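Read through the structure below, which is laid out as C-alpha cells, and then see the notes.
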Amino acid sequence: MNPSMKKSSRAIRTRLQALAAVLLLQVNMAMAVEPASAAASVQTPQPVATGAPVPQNYVPFEQLQRRSLNPFDAYRGTSVAPPSMVNSGRIDTLVRDGKLYLSLRDAIDLALENNLDMVIARYNLPIAQTDIQRTAAGGFPRGVNTGVVAGTPGGGAGGAGAGTGAGGTSSGAGGAGSGASGLVQSTLGTGTVVSSYDPYINAQVYVDHTSQLLPNRQIYGVPIYHVNTTLANMSYFQSFPTGGSLEVDWNNNRSTSNSPYNTLNPQLYASARVLFQQQVLAGFGLGPNLRFLRIARTNQKISDIAFRAQVIATVTQICDIYWDLVSAYDNEQVEERSVAFAKETLETSRKQFALQAIPEMDVLKAEGELATREQDLTVARTNLELQELYMKNAITRSLDNPILEEMPVVPVDHIGGLIQPDTEPIQDTIATAFKNRTELQESGLDLQNRELSRKTARNALLPSLALYGLYAGTGYGGAPNPEYLASGGTVSAPGSYGGTLANALNYSSPEYQVGFQLSVPLRNRIAKADQYRTELEYRQSQVYLEELKKKILIEVRSARFSEEQGASRVDAARTARNLAQRTLDIMQKEQKLGAGSNQQTLSAEHDLALAESALVTAETAYEKERIEVRRAAGTVLEQYGISIADARAGTAEADHPQ
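The opening position of the sequence shown corresponds to residue 1 in this note's numbering, with each subsequent residue numbered one higher.
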C-alpha cells in the first residue's frame, strides 16, 4: 500500500470514529427525553370508586426525587398524577335510609380527607421542598405560600386570615414581596452572586474539511491547500459553597494536510489546563454562598406552619358550618311543629264554625296564620337545604353525583343543655395563644431569614478579591511527513496520541500562574443602599411581630368576652323559651275550660316558636364563639385530637379522643 493510500485510509478511519462519537452523543440525548410510557411518571394512587380507601394525593418531594442509579434520569421530567376527585369511603358508612347522618367528628374527618382547600394546601408542602433541592444546587428560592386557602363557602371566616404576612408567597428570595401586610421584603436574600454547585461538563466534537485556493506556493508548497481536522474538547467546571471554583479543560485535535512543509502529518495536539479560584472578601465562606439554601429550609418550616394554619382554619370553618346546619335543622323542626299546630287549630276552628260556636272571622284568621307559618316553613326548609349543600361541599371532593347532591344531611350532635363557662385564667389563655398561634411562629422564622440577609448584605459591601492558581501543559505528536523527511528534515515527536498526551502531562512544556484579581467599586452606592435597606426591613419586621402579639391578645380577650356574652344570651333565651312554654300551657288549659280562644292559644304557640328559634340562634352563636376562643388560643387541633401527619396524608383515624 503506497503512502497516499495509507493516509487516505487513516483519514477515513478517523472520520468514522468521529462520526460514531457524534452518533453516540445523539443517542444519549435521545434517551434523556421523557418516554411516553406511564412507567416514566411517578406512580401515585389513581382515583378509586366511592367506598374505597382515600387515595393519598400528597407525595413527599424527596420520594419523587430520589437519586437514581440511571444517570439519564437527571434529564427526564417527573410527572405527578392528576389529583383524585373521588370522595372517601367514609361517606358510605354514614348513609342510612337515603340520609347522611353526620356528627361533628365525622364532618371534621371527612373535611380532612376531602375538603378541596386541604387538597390545594397539601401541594404547598412538596412545592416548598422543591426550593430546597433548587437552592442546594445554588439556585435562588422561589418562595412558599403562607396564606390560608379559603375557597369553601359557608360558616364563619374564623382563621381565614391566619398565616398571612410572614414567610412569603412571591418570587425573589422567598419573601412575601414588597407591601405584603405592610412589610417590605425586596432585599430578602440579598448578597453576592451565588454560582451553581452542580458540575458542568461541556464537550465539543467535530470533523472539518477545508480546501483553500492559494495565490502562491511559498507558504504551503501547493496551489490548493487541503486540511482535515478532527477535534474533541472537554471541560469540567464546578463551584463550591466556600466561594471557590474549579475548571479543568482537556483539548485534543488531529489534523492532516497536503502541505509538504508540515513536519508531522497527521499532526496530534493535546493540552490540559487546571484553574482554581477562591474569593477571600465578598462572597467568601458558607454564609453568603449557602444563604439561599438556609432561606429555603426556613421557608419549608414556614410552609409546614402555614399548613397547620390551614388545618386550623378548615376545622374551625367546618365546626361553624356544622352548627349552622344544626341551627337550620332545629329551626326547620320548630317551624314544622308550628305549622302542624296551626293546621290543628284551623281544623278545630272550622269545626267550631260549623257548630256556630265562633264567628267566620276566626276561621279566616286561622287560615292566614297557617299561610304565614307555611311560608316560614318554606324559608326554614330552603335555608336547611342551603346549609346541607354547604356541608356536603365542605366534606367532599366532588358533588358530581345526583344522589349525593340531593341526599338530606341529618346532624347527630346537638347543642348541650348546660352552659360550661371557660374557667381558665385569661392570662393563661393569652400565653397559650402566644405559644401556638401560627402567625407568630411564621413571623419568628421570617426574622431569621431577615437576619441572614443582614449578614450577607454586609458581606456584599466588601471589595471582590479572588486568589487563583493555574497549571497547563501541551503536547504535540504525529507521524513524520514523508515529503518533509525526503527534503532532509528530522522529526523528534511521539508518533501516537498516548505519547502526545504524556507530553501534555509530564511537565515538559508547563505553564503555571498564581495571582489575584481585585475589583473595588468606587462609592459602592448600590450595595450600601441594599445593606441599609436590609436593616430597615429587619426593624420593620420586629415591629410587626410586636403588633401581631397585640392583635392576638385583643383577639383572645374579645373571643372570651363574646363567649361570656353568648352564655348570657343563651340563659336569657332559655328563660324566655320556658316562659313561652308555660304561657302556652296556660292558654291550652284555659281553652279547654272555655275561658280562652283559639286565636289566643295560636298566638301563644307562635310566641313559643319564636322563643325556640331565638334559643337555637343563641345556642348556635355560643358554640361558634367557643370555637373562636379555641382558634384565638391556637388549641383547635388539640381540642379535637387532630394529627398533622394524618392531615398531610389526607386520612383520619377511626377513633379519636373526645
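Ideal placement from N, C-alpha and C gives every residue a C-beta, glycine not left out. As the structure is a computational prediction, the values presented were derived from the model and not from experiment.
8 angstroms Cβ cutoff, residue i in contact with chain B
| i | result |
| --- | --- |
| Ile415 | Of the chains in the structure shown, none is chain B; there is only one protein chain. |
Start and end residues, alpha helix (DSSP H) containing residue i
| i | result |
| --- | --- |
| Ser558 | 525 to 592 |
| Asp446 | 438 to 460 |
| Thr348 | 291 to 354 |
| Arg630 | 598 to 633 |
| Leu637 | 636 to 640 |
| Gln491 | Contrary to the premise, residue 491 reads as Val rather than Gln in this sequence. Note, Val491: premise wrong, no alpha helix (DSSP H); not H, not E. |
| Asn124 | 116 to 136 |
| Ser484 | Note on identity: in this sequence residue 484 is Tyr, with Ser being the wrong assignment. From DSSP, the alpha helix (DSSP H) with Tyr484 extends over 482 to 486. |
| Ala647 | 644 to 649 |
Beta-carbon contacts of residue i that lie in its chain and below 6 angstroms, excluding the five residues immediately before and after
| i | result |
| --- | --- |
| Val339 | Arg373, Glu374, Leu377 |
| Leu100 | Leu94, Met407, Val409 |
| Gln352 | Ile358 |
| Pro480 | Val491 |
| Gly154 | Ile321, Tyr390 |
| Glu511 | Ala472 |
| Gln356 | none |
| Leu25 | Because the pLDDT at Leu25 is just 43, under 50, the model does not fix this residue reliably, and the value given afterwards should be weighed accordingly. No residues qualify anywhere along the chain. |
| Gly158 | Reliability of the predicted coordinates at Gly158 is poor, the pLDDT of 42 falling under 50, and the value obtained from them is presented with this limitation in mind. Thr316, Glu628, Arg631. |
| Tyr538 | Arg450, Arg454 |
| Ser195 | Gly138, Ser239 |
| Ala342 | Glu369, Leu370, Arg373 |
| Glu335 | Asp376, Leu377, Ala380 |
Start-to-end residues for the beta strand (DSSP E) that takes in residue i
| i | result |
| --- | --- |
| Gln279 | 264 to 279 |
| Val227 | 224 to 239 |
| Gly499 | Note, Gly499: premise wrong, no beta strand (DSSP E); alpha helix (DSSP H) at 497 to 505. |
| Asp249 | 244 to 257 |
Exposed unless 16 or more other CB atoms sit within 10 angstroms - verdict on residue i
| i | result |
| --- | --- |
| Thr685 | The structure shown has nothing for residue 685, since the chain only spans 1 to 658. |
| Gly244 | buried |
| Ala645 | exposed |
| Pro411 | buried |
| Thr456 | buried |
| Thr382 | exposed |
| Val379 | exposed |
| Ile627 | buried |
| Asn252 | buried |
| Glu625 | buried |
| Met361 | exposed |
| Ile430 | buried |
| Tyr735 | Residue 735 lies beyond the range of the chain shown here (1 to 658); nothing can be said about it. |
| Phe731 | The structure shown does not extend to residue 731, since the chain is modelled only from 1 to 658, so the question has no answer here. |
| Phe516 | exposed |
| Ala504 | buried |
| Pro141 | buried |
| Tyr507 | exposed |
| Asp428 | exposed |
| Tyr269 | buried |
| Gln204 | exposed |
Sequence-distant residues of the same chain with beta carbon closer than 8 angstroms to residue i, five excluded per side
| i | result |
| --- | --- |
| Leu615 | Val570, Ala573, Arg574, Ala576, Arg577 |
| Leu214 | Tyr220, Val222, Pro223, Ile224, Tyr225 |
| Ser103 | Pro411, Val412, Asp413 |
In DSSP terms, what residue i is bridged to
| i | result |
| --- | --- |
| Leu100 | Val95, Val409 |
| Thr474 | Ser271 |
| His209 | Asn228 |
| Glu369 | For Glu369, which the question treats as bridged, DSSP gives no partner whatsoever. |
| Gly221 | Partner(s): none; Gly221 has no beta bridge. |
| Gly515 | Tyr468 |
| Ile201 | Tyr236 |
| Gly283 | Leu281 |
| Pro510 | Gly473 |
Other residues of its chain near residue i: CB distance less than 7 angstroms, five sequence neighbours each side excluded
| i | result |
| --- | --- |
| Arg297 | Ile132 |
| Arg458 | Gln531 |
| Leu275 | Glu247, Tyr468, Leu470 |
| Leu399 | Lys392, Asn393, Glu405 |
| Pro241 | Tyr197, Leu286, Asn289, Leu290 |
| Pro421 | Ala567 |
| Glu555 | Ala632 |
| Gln540 | Leu183, Val184 |
Exercise for the section: Mind listing, in chain order, the continuous alpha helix (DSSP H) runs of no fewer than 4 residues lying wholly within the segment 374 to 430? Expected result: 402 to 406
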